[in-house]
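With the first letter of the sequence shown counted as 1, position 2 gets the number 2 in the numbering used here; the numbers rise by one all the way through.
Heads up, the beta-carbon is just placed ideally off N, CA and C, and yes, glycines get one too.
A short worksheet on the structure shown next.
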Amino acid sequence: MFSRKILDASISDFATSLAAMIDDELYATMELLETESESPKDGNVDEILARIALTESEIERRHPGQLLRPYLDWKERNVGP
Numbered sequence: 001m002f003s004r005k006i007l008d009a010s011i012s013d014f015a016t017s018l019a020a021m022i023d024d025e026l027y028a029t030m031e032l033l034e035t036e037s038e039s040p041k042d043g044n045v046d047e048i049l050a051r052i053a054l055t056e057s058e059i060e061r062r063h064p065g066q067l068l069r070p071y072l073d074w075k076e077r078n079v080g081p
């Protein structure tokens with residue numbers, strides 16, 4: 001699984017790091033954030049949702065008009081349905 005350190009970075013640092021990630025890292029980040037959003041710890045739901053929104057925006061920036069399809073395809077190939 002992708003490093004959980006991304007959850008500890010400031011939102012600003014997190015947003016900056018997204019642009020430097022390769023697609024697999026970006027998708028692994030989204031997968032981790034989705035997992036974290038299902039059972040948030042210490043009431044950090046808003047922060048997790050903010051990180052999800054930033055990650056979605058980066059995916060959409062890289063794949064215009066495809067929304068989250070590239071991520072969903074990756075997830076199906078790597079994680080399964």
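Beta-carbon proximity of residue i to residue j, cut-off 8 Å
i	j	result
LEU68	GLU56	yes
LYS18	LEU26	Residue identity check: residue 18 is Leu in the sequence provided, not Lys. It is a contact, given that the beta carbons lie within the stated cut-off.
GLU36	LEU7	yes
Burial state of residue i, where buried means 16 or more other Cβ atoms lie within 10 Å
i	result
ILE49	At residue 49 the sequence reads Leu, which differs from the Ile that was named. It counts as exposed.
ARG51	buried
ALA28	buried
MET1	With a pLDDT of 43 at MET1, under the threshold of 50, the predicted position of this residue should be treated as unreliable, though the coordinate-derived value follows. Exposed: under 16 other Cβ atoms inside 10 Å.
GLU38	exposed
First through last residue of the alpha helix (DSSP H) which encompasses residue i
i	result
ARG4	Neither: ARG4 is in no alpha helix (DSSP H) and is coded neither H nor E.
ASP18	One point to set straight first is that residue 18 is Leu, not Asp, in the sequence displayed. Segment 11–20, the alpha helix (DSSP H) holding LEU18.
Backbone secondary structure at residue i - three-state DSSP
i	result
ASP42	coil
PRO70	helix
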